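Trainee: Residue numbers (the numbering used here), protein chains in the order written: chain H, 8 to 270; chain V, 8 to 270; chain Y, 8 to 270.
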Amino acid sequence: MSRKIVTLLTDFGTKDGYVGSIKGTIKNLFAEVDIVDISHDINPFDIKEAAFVLHTYYASFPKETIHLVVVDPGVGGDRMPLLIRTAQHFFIGPDNGVFKFIFSREAYTAYKINVDDYILDKGFTFHGRDIFAPAAAKILKGVAPEKMGLRLDDRTEIPTVYFTKESEGKYNLEAISIDRFGNIITGFSKRDMEKINETTINSIVIKNKTITEMNAYYSQNEQGDVIALWNSMGFLEIAVVSGNAQKTLNFDKYKDNILISIS
Amino acid sequence: MSRKIVTLLTDFGTKDGYVGSIKGTIKNLFAEVDIVDISHDINPFDIKEAAFVLHTYYASFPKETIHLVVVDPGVGGDRMPLLIRTAQHFFIGPDNGVFKFIFSREAYTAYKINVDDYILDKGFTFHGRDIFAPAAAKILKGVAPEKMGLRLDDRTEIPTVYFTKESEGKYNLEAISIDRFGNIITGFSKRDMEKINETTINSIVIKNKTITEMNAYYSQNEQGDVIALWNSMGFLEIAVVSGNAQKTLNFDKYKDNILISIS
Amino acid sequence: MSRKIVTLLTDFGTKDGYVGSIKGTIKNLFAEVDIVDISHDINPFDIKEAAFVLHTYYASFPKETIHLVVVDPGVGGDRMPLLIRTAQHFFIGPDNGVFKFIFSREAYTAYKINVDDYILDKGFTFHGRDIFAPAAAKILKGVAPEKMGLRLDDRTEIPTVYFTKESEGKYNLEAISIDRFGNIITGFSKRDMEKINETTINSIVIKNKTITEMNAYYSQNEQGDVIALWNSMGFLEIAVVSGNAQKTLNFDKYKDNILISIS
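(1) How should V/Val150 be labelled, buried or exposed, when 16 other C-beta atoms within 10 angstroms of its C-beta is the threshold for buried?
(2) So if I threshold CB-CB distances at 9 Å, which residues from the segment 78-106 of chain Y count as touching chain V?
(3) Give me the DSSP bridge partner(s) of V/Met221.
(4) In chain order, which beta strand (DSSP E) runs of at least 3 residues are fully inside the segment 109-197 of chain Y?
(5) Excluding the five sequence neighbours on either side, which residues of its own chain have a C-beta within less than 6 Å of the C-beta of H/Asp102, listed in chain order?
(6) For H/Arg112, which of H/Ile234, H/Ala94 and H/Ile245 has the nearest alpha-carbon?
(7) What are the residues in the segment 56-74 of chain V lying within 9 Å of chain H by C-beta distance?
(8) Closer than 7 Å, CB to CB, is H/Asp53 near chain Y or not?
(9) Using a C-beta cutoff of 7 Å, does H/Thr32 count as contacting chain V?
(10) At a cut of 8 Å, does the segment 27-38 of chain Y reach the segment 66-79 of chain H through at least three beta carbon pairs?
(11) If we define contact as Cβ-Cβ less than 7 Å, is Y/Ile45 a contact residue for chain V?
(12) Ordered along the chain, which non-local residues of its own chain (more than five positions away) have a Cβ less than 7 Å from that of V/Lys216?
(13) Tell me the residue span of the alpha helix (DSSP H) that contains H/Gly31.
(14) Return yes when the Cβ of H/His47 is within less than 7 Å of the Cβ of H/Val77, no when it is not.
(15) Which ranges does the beta strand (DSSP E) cover as unbroken runs of at least 3 residues, wholly within the segment 49-82 of chain Y, from first to last along the chain?
(16) Nearest to H/Ile267 by CA position, among H/Val247, H/Ser196 and H/Gly231, is which residue?
(17) When Cβ atoms are compared, which residues of the segment 9-36 of chain Y fall closer than 9 Å to chain B?
(18) Would you call H/Ile203 buried or exposed, if buried means 16 or more other Cβ atoms sit within 10 Å of its Cβ?
(19) Quick check on this structure: which residue in H/Phe52, H/Lys107, H/Val40 and H/Pro51 has the alpha carbon closest to the alpha carbon of H/Thr63?
(20) Helix, strand or coil, according to DSSP, for Y/Lys202 in the structure here?
(21) Throw me the rounded Cβ distance for the Y/Ile120 and Y/Gly176 pair, which I believe falls under 8 Å.
(22) Using DSSP bridges, identify the partner residues of Y/Ile211.
(23) Use the C-beta contact count for V/Arg198: other C-beta atoms within 10 angstroms, 16 or more gives buried, fewer gives exposed.
(24) At 8 Å on the CB atoms, spell out the chain V contacts of H/Arg136, in chain order.
(25) Indicate whether V/Asp186 and H/Asp23 have their beta-carbon atoms separated by less than 7 Å.
(26) In or out: Y/Met240 buried (at least 16 other Cβ within 10 Å) or exposed?
(27) When you compare the CB of H/Ala38 with every CB in chain V, is at least one pair closer than 7 Å?
(28) So, with DSSP's three-state summary, where would you put H/Ala252?
(29) Which partner residues does Y/Gly104 have in the DSSP bridge list?
(30) Is the Cβ-Cβ distance between V/Thr14 and V/Val43 less than 7 Å?
(31) H/Phe242 and H/Ile191 - do their beta-carbons sit closer together than 7 Å?
(32) Which residues does DSSP list as the beta-bridge partners of Y/Arg92?
(33) Give the C-beta separation of V/Asn209 and V/Ser249 to the nearest angstrom, bearing in mind that I take them to be a contact with Cβ-Cβ under 8 Å.
(34) Contact criterion: CB-CB distance below 7 Å. Does Y/Phe133 meet it with respect to chain H?
(35) State yes or no: is the beta carbon of Y/Asp186 nearer than 7 Å to at least one beta carbon in chain V?
(36) When the Cα of V/Ile126 is compared with those of V/Ile183, V/His74 and V/Ala140, which residue comes out closest?
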């Protein structure tokens, strides 16, 4: 029998004891767990980045993995603590948008975690340790989701789209993540292309640069070239061969857009 | 039977092989160990920060967990290598102050680890790998602390206090940690309040800002407000709602103080 | 039966989902694996740094550990994906120099991983997840290296040397790593000393500083002193007691050299 997995995605950073106390709490309640660090370096309070990163790894994990996401600027406020059941996985975290991609990609049942089931005498500010971690331990122990909170049957999610149509064949794309290498990852995927019934990218304009060809992989061009490719997650990505696209283009993910012409 | 846990807190950073070689050494000596990363990003040589972070997570972990702390500016000098036994846990690390909070909060027995039991032919500079890691492996194997070093029976610790009384009802607090979100965590706890027989915080002066009310949680106020609250570890904390208090107040933890008026 | 270990060394950073999807992929294919994070903070594309860091920890790990190294600027290009078998360990990663130290220190058999055995329908840019991770899972499952790729029998490696002889008894050393504490680690080891039949370091010139004595450990001198010592990995290292040698000396590892006089 293999150990059950809990993955951890947070914006807690790695210099404090927050992550440690979440790990300790889970292990204390269910010793035979395999806790997997994904990242604790999500930009503080950056829900959109957390949502994107989550959807790049969750599907790789084995059936019954519990994905814990604690990026929670409104902690202690009125956002709901959520438990989500999909065919393969569980997800636990705040109802603030971190599960946007999951909702649009998976069939799911959502539950509002019943906060009153958890002892909160240690303070009000650490739902990661005091609610989400013990909720994960309940799933590990085999407690049924129905017993952990109200089923949210009337939930409807507006599908998230990170691009807008400017005119016929012209789209304005949003960057949703800049990775460590400075690659600029847009929210526009191959799947989106299919949905709008287009097949070819004719040009991409980013800052003062125009790209007219798609690359198959990074090292196809010369070092220093600005290139575009469908990345390993299926998203349109702007990169610089053996370089840093964000720095080369002086690109600001919160301000700058990417214009594409497709047909 | 669940696997035994070793937690790791260091100032080694995460770009070198130091942490890796500690992990390898422990696993090589005792394969069925569950090594849990807490943080390797303690400020280099910042013993006070390590002591604070340790005490925020240790109690969450299961009974018999071994907490390894390697923040050790005097490595190779004359500070003692320590093994500490409390009712619930083991602690291993240098005797330089990293266990201050443990000593003041737990009943304990301390042992001076016998360095001569360890082979040090690889050099003199890495006690983490060459003494502390194999000492942890001995505990994992069930070796009695008494067999690992001299029991320090006459040890007395002066309780650590991170605040000074200025005048009746006026206290000067030290910041002991700034977390990733820029929250300023003082060394003044609810427990300290009780000890000095006071119940109410009337005002907090930090830099040029005066706070006259305590918050119950972060999102109670408006975004950008400077607030004070008892945090999830029971310490007085200065925060900015959805912002960064350190940056907003231009606060320097090594220079600036916090003045409170209580009654 | 203890769980099999896979160590992970990458330059992926810790803010994205790349590491998570490698971990998920391995666990999905072989649940009972113990994945150990070494570092994901190798400087982007810095093959030399990865090679150095790898060789500081690999030997600590138990027999049959699989060391996965994904620092791969030429991903998708024509560099070979490698599987290496030594007496104790397996190594998997690109054939771009990350295994330089392994080749010069261990007897080994190398195999060119057969890429066609792996399904690559998710894109072309993520060999870490799509080739190296499933290759590690095959080793975990007990597949023989011979079945995973062509044995490279005619492989000869030029031993790597990080120093050059200037004149009789004068050597120019390259810095191969600056660790988190600002310690400057040269590529010159005690072993190299023996090979060139010398026993004594008479002087070390680094920037405008001359060191004429070797230290046994860090805290032997006064705080702030620039010192030299054989570090815990056996390499000549320049350090500042309780300080940062890189900053104190304004040392640039890509430009500055270290001159030693030995006899």
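Glycine residues also receive a C-beta, built at the ideal position from the N, C-alpha and C atoms. Quick caveat, the model's predicted, so the values are computed rather than measured.
Mentor: Working from what's here:
(1) So V/Val150 ends up on the exposed side.
(2) Hits within the stretch: zero.
(3) Its beta-bridge partners are V/Ala235.
(4) DSSP runs (the beta strand (DSSP E)) wholly in the segment 109-197 of chain Y: 115-120, 156-158, 170-174, 177-180, 182-185 and 191-196.
(5) Only residues of its own chain outside the window of five on either side were considered, and among them Arg86, Met87 and Leu89 have a CB closer than 6 Å to the CB of H/Asp102, listed in chain order.
(6) Out of H/Ile234, H/Ala94 and H/Ile245, H/Ala94 has the C-alpha closest to the C-alpha of H/Arg112.
(7) Residues of the segment 56-74 of chain V whose Cβ lies closer than 9 Å to any Cβ of chain H, in chain order: Glu56, Phe59, Val60, Leu61, His62, Thr63, Tyr64, Tyr65, Ala66, Ser67, Phe68, Pro69, Lys70 and Thr72.
(8) Taking a beta-carbon distance threshold of 7 Å, H/Asp53 does not count as an interface residue toward chain Y.
(9) H/Thr32 counts as touching chain V.
(10) Taking a contact to require three or more Cβ pairs closer than 8 Å, the segment 27-38 of chain Y and the segment 66-79 of chain H qualify as touching.
(11) Chain V contact via Cβ: present.
(12) So the qualifying residues of the chain are Val233 and Leu256.
(13) Per DSSP, the continuous alpha helix (DSSP H) segment holding H/Gly31 begins and ends at Tyr25 to Leu36.
(14) No, they are not a contact pair.
(15) Counting whole runs of 3 or more residues, the segment 49-82 of chain Y contains the beta strand (DSSP E) stretches 73-77.
(16) Closest option to H/Ile267, judged by alpha-carbon separation, among H/Val247, H/Ser196 and H/Gly231: H/Ser196.
(17) Protein chains in the displayed structure are H, V and Y, and chain B is not among them.
(18) Classification of H/Ile203: exposed, given that the 10 Å Cβ count is below 16.
(19) Of the candidates H/Phe52, H/Lys107, H/Val40 and H/Pro51, the one whose C-alpha sits nearest the C-alpha of H/Thr63 is H/Lys107.
(20) Looking at Y/Lys202 - three-state DSSP - the assignment turns out to be helix.
(21) About 45 Å separates the CB atoms of Y/Ile120 and Y/Gly176; that is not less than 8 Å, and the two are not in contact.
(22) Answer is Y/Ile218 and Y/Ile267.
(23) V/Arg198 counts as exposed, since fewer than 16 other beta carbons sit within 10 angstroms of its beta carbon.
(24) Chain V residues near H/Arg136: Ser67 and Ser239.
(25) Yes.
(26) Counting Cβ neighbours within 10 Å, Y/Met240 comes out buried, since at least 16 surround it.
(27) With 7 Å as the cut-off, H/Ala38 counts as an interface residue toward chain V.
(28) DSSP places H/Ala252 in helix when its eight states are reduced to three.
(29) Within the DSSP secondary-structure output, Y/Gly104 pairs in no beta bridge.
(30) Going by C-beta atoms, V/Thr14 is nearer than 7 Å to V/Val43.
(31) Going by C-beta atoms, H/Ile191 is not nearer than 7 Å to H/Phe242.
(32) Answer by DSSP bridge pairing, in chain order: Y/Phe97 and Y/Thr116.
(33) Wrong, their Cβ atoms sit about 26 Å apart, outside the cutoff.
(34) With 7 Å as the cut-off, Y/Phe133 counts as an interface residue toward chain H.
(35) Closer than 7 Å to some Cβ of chain V, the Cβ of Y/Asp186 qualifies, so yes.
(36) When only C-alpha atoms are compared, the closest one is V/Ala140.
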